[in-house]
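Visitor: Below you will find the structure I want to go over with you.
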Amino acid sequence: MTRRKLTELVLNHLNCDPDQGSNRVRGHSDRLSPTAPTRRDRASDESFERKMMSNRAMQKRSRFNVGQFGVVGRKTLFLLLFLLAIPADDCFAQTPPPPVDQHAFERVSPTFVKRLATRFSLGAFAGRFEETRLGAVRDAVGEGTIQHQGDAGDSIYWLCYRRAQHRLWVVSNGEMGGPDHLVTEIIEELTEKDAGASADCAIIPDKFAPVVFDGKLHLGMSRREVIRALGPPSKSEAARMVYSHAGKLADGFDETAWLILRFREGKLASMRGSKTTTN
Numbered sequence: 010m011t012r013r014k015l016t017e018l019v020l021n022h023l024n025c026d027p028d029q030g031s032n033r034v035r036g037h038s039d040r041l042s043p044t045a046p047t048r049r050d051r052a053s054d055e056s057f058e059r060k061m062m063s064n065r066a067m068q069k070r071s072r073f074n075v076g077q078f079g080v081v082g083r084k085t086l087f088l089l090l091f092l093l094a095i096p097a098d099d100c101f102a103q104t105p106p107p108p109v110d111q112h113a114f115e116r117v118s119p120t121f122v123k124r125l126a127t128r129f130s131l132g133a134f135a136g137r138f139e140e141t142r143l144g145a146v147r148d149a150v151g152e153g154t155i156q157h158q159g160d161a162g163d164s165i166y167w168l169c170y171r172r173a174q175h176r177l178w179v180v181s182n183g184e185m186g187g188p189d190h191l192v193t194e195i196i197e198e199l200t201e202k203d204a205g206a207s208a209d210c211a212i213i214p215d216k217f218a219p220v221v222f223d224g225k226l227h228l229g230m231s232r233r234e235v236i237r238a239l240g241p242p243s244k245s246e247a248a249r250m251v252y253s254h255a256g257k258l259a260d261g262f263d264e265t266a267w268l269i270l271r272f273r274e275g276k277l278a279s280m281r282g283s284k285t286t287t288n
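Under the working numbering, the first residue of the sequence shown carries the number 10, and numbering increases by one thereafter.
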């Protein structure tokens, strides 16, 4: 708003005619010189200018806040899109291996003379306990994310896979598996419902089935077939058999290996094999 326009508004409010030669207010006899504003006029002008400056500052600050909000909004949207683009396997920890049932080893002596859990195979992929790296399994399958939990002696690394009703864990003990995360344990279970209903483990292609221990042990075998393939167990119960081995290798190292086998309706429904070597 120009100063002249403002003057017109003020004069109209006072019932004055701005286009006349004098600034006489109708009904008043005192004359005011247009070239000599009064103290009240100057104070009014200064007050108006301060208000105008304050309004301009508020408008500027408002524009800045709107712009700032726009930048923050764009950054937030970008972050959300980025998080949605990350595969779920990289964001969420997969189901860890089931804990070892320590009761299975009660009153179990390492009676099995032959070496146990020396090698394994996933379909055509062949590996060896304490020699094959978790990374090699992952690269061969082309799926899966190596997970970790625990520290010191309780530290474990693992890969988790699922296929129909099968759930598979390939595990490396954090201490015994070393920095290369060598495979020290494998667990495969046949669940009572489709394991595909749970999406926290990667799907393993069918060509990496079946999982076989030592070239002869796999899920679905009967108790008789297991005994025929391995020999008498170290411990036998209604729904479980345990094979335990302890021996000394040619280089003087001690080797400990075991198998925990669980049966359901007469068929092998879970097998767990582990091997560790110590000096």
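Don't be surprised by glycine CBs; every beta carbon is placed ideally from N, CA and C.
Looking only at its chain, what residues have a beta carbon closer than 6 Å to the beta carbon of I196, apart from the 5 residues adjacent to it on each side?
Guide: Here residue 196 corresponds to residue number 187 of the sequence shown, with the count starting at 1. Closer than 6 Å at Cβ, skipping near neighbours: P106, W178 and R281.
Visitor: From L131 to R273, what does the alpha carbon distance come to, in whole angstroms?
Guide: Counting from one through the sequence shown, the residue named residue 131 turns up at place 122. Counting from one through the sequence shown, the residue named residue 273 turns up at place 264. Using only the alpha carbons, I get a separation of about 23 Å.
Visitor: Between the C-alpha atoms of R147 and F217, what's the straight-line distance to the nearest angstrom?
Guide: Mapped onto the sequence shown, residue 147 falls at position 138. Mapped onto the sequence shown, residue 217 falls at position 208. Their backbone Cα atoms lie some 12 Å apart in a straight line.
Visitor: By alpha-carbon positions, which one of K257, E152 and R249 ends up nearest to I212?
Guide: In the sequence shown, counting from the first residue as 1, residue 212 sits at position 203. For I212, the nearest C-alpha among the options comes from E152.
Visitor: Mapping the DSSP letters down to three states, classify V146 as helix, strand or coil.
Guide: Mapped onto the sequence shown, residue 146 falls at position 137. Reduced to three states, the DSSP call for V146 is helix.
Visitor: Would DSSP call Q103 helix, strand or coil?
Guide: Indexing the sequence shown from 1 puts residue 103 at position 94. Three-state DSSP puts Q103 in coil, outside helix and strand.
Visitor: Of all the beta strand (DSSP E) runs that stay within the bounds of the segment 104 to 190, which reach a length of 3 or more residues?
Guide: 128 to 131, 134 to 137, 156 to 158, 165 to 172 and 175 to 182
Visitor: With a threshold of 16 other CB atoms inside 10 Å of the CB of L258, please say whether the residue is buried or exposed.
Guide: Here residue 258 corresponds to residue number 249 of the sequence shown, with the count starting at 1. Classification for L258: exposed.
Visitor: Give the straight-line distance between the Cα atoms of A248 and R271, rounded to the nearest whole angstrom.
Guide: For the purposes of this step, residue 248 is identified with residue 239 of the sequence shown, where counting begins at 1. For the purposes of this step, residue 271 is identified with residue 262 of the sequence shown, where counting begins at 1. Just so you know, the alpha carbons of A248 and R271 end up roughly 6 Å apart.
Visitor: Roughly how many whole angstroms lie between the Cα atoms of Q156 and T141?
Guide: Translated into the one-based positions of the sequence shown, residue 156 becomes position 147. Translated into the one-based positions of the sequence shown, residue 141 becomes position 132. Each residue's alpha carbon lies about 17 Å from the other.
Visitor: Hey, how far is the Cα of R233 from the Cα of P242?
Guide: Here residue 233 refers to the residue found at position 224 when the sequence shown is read from its first residue. Here residue 242 refers to the residue found at position 233 when the sequence shown is read from its first residue. Roughly 11 Å between the two C-alpha positions.
Visitor: Kindly indicate the opening and closing residues of the alpha helix (DSSP H) around I236.
Guide: Counting from 1 along the sequence shown, the entry for residue 236 is found at position 227. Its alpha helix (DSSP H) spans residues R232 to L239.
Visitor: I want to know whether the segment 115 to 133 touches the segment 260 to 270 - three or more CB-CB distances under 8 Å.
Guide: yes
Visitor: Who are the near neighbours of T120 in its chain, counting only those whose CB is closer than 6 Å to its CB and skipping five residues on each side?
Guide: Within the sequence shown, numbered from 1, the residue matching residue 120 stands at position 111. Closer than 6 Å at the Cβ level, and outside the excluded window around T120, lie S243.
Visitor: Determine the direct distance from the alpha carbon of M185 to that of P215, and round the result to whole angstroms.
Guide: Translated into positions along the sequence shown, residue 215 becomes position 206. Translated into positions along the sequence shown, residue 185 becomes position 176. The displayed chain sequence assigns Asp, not Pro, to residue 215. Distance between the alpha carbons of D215 and M185: 30 Å.
Visitor: Would you mind sorting F222 into buried or exposed? The rule is 16 or more other CB atoms within 10 Å of its CB.
Guide: Along the sequence shown, read from residue 1 onward, the residue named residue 222 stands at position 213. Label assigned to F222: buried.
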